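To start, the structure under review is shown below, and the notes come after it.
Protein chains in written order, with the working numbering: chain A, 1 to 478; chain B, 479 to 743.
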């Protein structure tokens, strides 16, 4: 059976796409027509189309950033297809059909049995009732007025909110990839926590109602109104395979007075093989606006996947006494490259920020921390503490630190600490000599190194993250 | 303590070893029986620390010839961690710092791993806490050490005490103390030596690798071996250490250098 036929056969019924009998894949390349097509397929209001077209206009005048410390061949943006109907994951009838390599990974990571099936793409509804889980979840949130849905759905059901906030933190022309995303994004998450509401549970993309892949241009928008708080979990420790090589997502967070948003990511996209062939280019723009007084935005990320990671989850600290935090672990192995860090832009008075960055490089990989701390003239008594630690495993990898500090107010207090260490033969031998095997030793060393970041993760994420790291680095030591 | 009926724990014959292609050990012979304390002395670069690390299985050293039988097993058949579980313990000259890993967590994992290997009961964190605090008294260590990261920010003396604490927990059959006295002031030396003395018994054995005689004032060896250029060139009783201290290593006469040493008196 040809692939096209296979696709057709496997195409499930999709609300909103019922009438699209013609091809569901747009021709390759990007132009105004394609953007109009995306917008009309998604049945978007006029303002949304305008947003996209403005972004496209900007994008045309921009060029790909080249300042980051990563190397990759030039991307041909006209050879990408920017619209295809959400691809249904191929459903497998039973666990026996799942790639044994994937099962081994689940085993190593200790992913619960029922989740393994779901993650591997086995028809989960026959194994456990995902619908009822999702529904219960949604009902519970609705009770307190929380909106949590796909961004496409939000454009239809809560256009006023999307219109008010979309692009306010990451403007359409912010950077090359953000502009591209703004022009062509297909889906993502939307989350709104109304005034005074503390979200009763961690919101996870895993339980988001729309289960199809949101594709390579994901868009997320999270708003916490006055006094609201939410913890949002993105990603999953199980590996995510995808045929799209370029991923350019945008995430915007907005915290009003006394609001708090905690955003945690575990990123384990396909990283390419041990020779560096294949793998995702993950070029992401994530930014939070601590708009209100006493607001707080906290980013925690564990980056283990992708051939190239390029992201700087940032905080704009505009409200008085607002707080920005960035806790990051970036692991690279084989030929992976990561250029990641944060920007803390202090605008309001008494704003505070903390940056804790841990990078672990193994194999032939290359990891860079790049961070900006800017204290604006208006930011009286601003404070920042940054700590960047790098760990090297083996002698083929490299780690770099590029801290940028701009202080325009002399009442500011900015501290920066950095260290580089190495898991060496001697460190490992110390464990072995006490009867502890290599695997456990590496896990313990890594865990110790990343402790300050893991402490920030929700409990179950932290446990999985620990296992994930040991797994990613398996065989790279000793 | 020398006892004719004791069991042979370690038998090293004709041991040659390289590091980075350079031969460091050039035919070491040594026999250690249960209940005995052996001191290996020698100048820097004589090969004594190399010998200690080879017994523990350090991967940087390549054994090119010779045999080592430990407790009736071919030691070369065992990986470093298996040697540790079988009862070989090395107190490191330079204990490694492990940031972020709590000492009690590390100690408990090591303890439980070795216990389970011996078919003995493992301890949960609370039980272990009681147990380790008791052992720490032996070394006059403050319980604060349990919550600190392994060896991180420890003084030289604290690191060495932490090593002997591990020895106390793991109850090795053969303990090798590599320059445990270096960097210790006299009080710390006394405490560490006292700890070691309380841990020695008729069923285990200790090898002290040291440069100076002063450790041997506190831990009295049954045999003293002098190592030079990768071989044991002289073996005698505890009085040898004193003579070395008084006359220096050059005092050993040319006759001794020529002989194949390590033969038990």
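Idealized CB from N, CA, C, for every residue including glycine.
Since the model is a prediction, treat every value here as computed from it, not as a measurement.
If you ignore the 5 residues before and after residue 65 of chain A, its C-beta comes within less than 7 Å of the C-beta of 175 and 176, all in its own chain and listed in chain order. Nearest to residue 30 of chain A by alpha-carbon distance, out of A:46, A:57 and A:50, is A:57.
For residue 505 of chain B, the uninterrupted beta strand (DSSP E) segment begins and ends at 500 to 511. Contact residues of the stretch 24 to 53 of chain A toward chain B are absent (C-beta to C-beta distance below 7 Å).
Under the 8 Å Cβ criterion, the stretch 334 to 346 of chain A counts as touching the stretch 268 to 277 of chain A, having at least three qualifying pairs. Chain B has a Cβ within less than 7 Å of the Cβ of residue 436 of chain A. Taking a contact as a CB-CB distance under 8 Å, the pair residue 222 of chain A and residue 256 of chain A does not count as one, their CB atoms being some 12 Å apart. Residue pairing of residue 450 of chain A in beta bridges, as defined by DSSP: absent, with no partner found. Residue state for residue 269 of chain A is assigned as strand, using DSSP reduced to three classes.
For residue 709 of chain B, the enclosing beta strand (DSSP E) starts and ends at 709 to 714. Ranked by how close their Cα comes to the Cα of residue 291 of chain A, the residues A:469, A:375 and A:346 have A:346 in first place.
Assignment of residue 627 of chain B by DSSP, reduced to helix, strand and coil, places it in the strand class. Within chain B, the residues 535, 557, 558, 559 and 562 have their CB atoms less than 8 Å from the CB of residue 432 of chain A, given in chain order. When secondary structure is reduced to three states using DSSP, residue 185 of chain A falls in the coil class, being assigned neither helix nor strand.
Counting along the chain, the unbroken beta strand (DSSP E) around residue 418 of chain A starts and ends at 413 to 423. Counting along the chain, residue 393 of chain A sits inside the beta strand (DSSP E) bounded by residues 383 to 393. Counting of Cβ neighbours within 10 angstroms places residue 374 of chain A among the buried residues, the total reaching 16 or more. Distance between residue 554 of chain B and residue 545 of chain B, taken at the CA atoms: about 8 Å.
Closest in C-alpha terms to residue 428 of chain A, from the list B:695, B:558, B:647 and B:689, comes B:558. For residue 627 of chain B, the C-beta contacts it makes with chain A under 8 Å involve 448, in order along the chain.
Two segments are said to touch when three or more pairs of C-beta atoms, one from each, lie closer than 8 Å; by this definition the stretch 498 to 507 of chain B does not touch the stretch 462 to 474 of chain A.
Taking 7 Å as the threshold, the shortest C-beta distance from residue 568 of chain B to chain A falls below it. Between residue 578 of chain B and residue 467 of chain A, the C-beta spacing is not below 7 Å. Per DSSP, residue 351 of chain A lies in no beta strand (DSSP E) and is assigned neither H nor E.
The C-beta of residue 264 of chain A has 16 or more other C-beta atoms within 10 Å across all chains shown, which makes the residue buried.
Straight across, the Cα-Cα distance linking residue 679 of chain B with residue 384 of chain A is about 57 Å. Among the bridge pairs identified by DSSP, residue 359 of chain A is matched with A:330 and A:390.
Put simply, the stretch 319 to 330 of chain A touches the stretch 287 to 303 of chain A. At least three CB pairs are less than 8 Å apart. Distances from the CA of residue 648 of chain B to each of B:520, B:584 and B:728 were compared; the closest alpha carbon is that of B:584. Scanning its chain for C-beta atoms nearer than 6 Å, with the 5 sequence neighbours on each side dropped, one finds around residue 360 of chain A the residues 331 and 391, in chain order. Contact annotation for residue 261 of chain A against chain B: no contact, minimum CB-CB distance about 27 Å [criterion: below 8 Å]. The Cβ neighbour count for residue 706 of chain B, taken over all protein chains shown within 10 Å, is at least 16; the residue is labelled buried.
Distance from residue 704 of chain B to residue 519 of chain B at the Cβ level is roughly 5 Å; contact confirmed, criterion being Cβ atoms closer than 8 Å. Spatial neighbours of residue 655 of chain B in its own chain (CB-CB distance under 6 Å, excluding positions within 5 residues in sequence) are listed in chain order as 569 and 686. Following the DSSP letters along the chain, one finds residue 529 of chain B inside the alpha helix (DSSP H) bounded by residues 526 to 534. Rounded to the nearest whole angstrom, the CA to CA distance from residue 315 of chain A to residue 627 of chain B is 32 Å.
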